[in-house]
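*Asks:* Right, I'll just put the structure down here and ask away after.
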Amino acid sequence: MHTIKLAVFDMAGTVVNEDNVVYKTLQKAINERGFQVTLDFVLEHGAGKEKHQAIKDIITADIGNVDATMPASIFEDFKKLLVDAYNNLNVTSYEGVEEMLYALKANGIKVALNTGYDTNTAQLLLNKMNWTIGKEYDVLVTADDVVLGRPNPDMIVEAMMKLNVQQEELVLKAGDSIIDIEEGKNANCGVTIGVTTGAHTREQLLSAKPTYVLDSLTELKQLLLPS
2 MHTIKLAVFD MAGTVVNEDN VVYKTLQKAI NERGFQVTLD FVLEHGAGKE
52 KHQAIKDIIT ADIGNVDATM PASIFEDFKK LLVDAYNNLN VTSYEGVEEM
102 LYALKANGIK VALNTGYDTN TAQLLLNKMN WTIGKEYDVL VTADDVVLGR
152 PNPDMIVEAM MKLNVQQEEL VLKAGDSIID IEEGKNANCG VTIGVTTGAH
202 TREQLLSAKP TYVLDSLTEL KQLLLPS
């Protein structure tokens, strides 16, 4: 059992099941400029990052360097493609996740959502799932809200400030990518969780040395709540 006052969850691939459509769309936007990157390559180099930064890192990993203008231009294409993709997508949470969030909140644990998306994209996802602040979650922190994205701890620090949680050791961070775990460690979170429902495999997640790797976030109830 861990004493946790705040649980910070990544969105896509962690609490939101959108079938990797973001990274498939990222792959499409990049490859429309003449690249031939695979989805696995996109996930390896871009998962969990603010998406403009992800594009820069993916292209740099592919060809060695890139000027500033191309990633910015691809990012604009990506945002348009993503709106179209989401408008046609059935977005849900993973089985049992909503009930898990309600159980955490009923036991006095605050819930924050954080994401490398911009606010408009994150809110579009939440609207599609009919999630509302105060019910499924207590605060949303996006890439728009901070200067430095993951793996920097800024989004977690912002969530802590907004929810009046001062002690890092009472914070849990959970996500589906290595960079989520690194973000949690950089914020000195008491517990870091990797979950295998999204971008990275169990082996990839274990390489970041989280406290736990779970196959389902619903397992958090056994770790955090009295039976």
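Each residue of the sequence shown is one higher than the one before, counting from 2 in the numbering used here. Ideal Cβ positions, reconstructed from N, Cα and C, are used throughout, including at glycine.
(1) If you follow the beta strand (DSSP E) that V196 is part of, which residue opens it and which one closes it?
(2) Check N89 in the structure and name its three-state DSSP category.
(3) From N187 to P72, what distance separates their C-alpha atoms?
(4) Run through DSSP, which three-state label would A48 get?
(5) Since V112 and Y138 are thought to touch, with beta carbons under 8 Å apart, how far apart are those beta carbons, to the nearest angstrom?
(6) Using a Cβ-Cβ cut-off of 8 Å (strictly less than) and excluding sequence neighbours within five positions of D146, which residues of its own chain qualify?
(7) Please classify A200 as buried or exposed, where buried requires at least 16 neighbouring CB atoms within 10 angstroms.
(8) So, at 6 Å on beta carbons, what are the nonlocal neighbours of T116 in its own chain, with the 5 sequence-adjacent residues on each side left out?
(9) Rounded to a whole number of angstroms, what is the C-alpha to C-alpha distance between L114 and E100?
(10) Have a look at V214, K57, E77, A62 and flag the residue whose alpha-carbon is nearest the alpha-carbon of A69.
(11) Would you identify the three-state DSSP class for F10, choosing helix, strand or coil?
(12) Quick test of the definition: if touching needs 3 or more C-beta pairs under 8 Å, does the segment 91-99 touch the segment 179-194?
(13) Give a yes or no on whether the C-beta atoms belonging to A55 and L27 are separated by under 8 Å.
(14) What residue from S217, T198, S178, K222 has the CA that sits closest to P211's CA?
(15) Since K186 is in the alpha helix (DSSP H), which residue starts that stretch and which ends it?
(16) Mind the definition here: the segment 42-56 touches the segment 208-226 only if three or more C-beta pairs lie below 8 Å; say whether that holds.
*Replies:* Working from what's here:
(1) 192-196
(2) coil
(3) 26 Å
(4) coil
(5) 5 Å
(6) T120, M156, E159
(7) buried
(8) M12, A123, T143
(9) 16 Å
(10) K57
(11) strand
(12) no
(13) yes
(14) S178
(15) 179-187
(16) no
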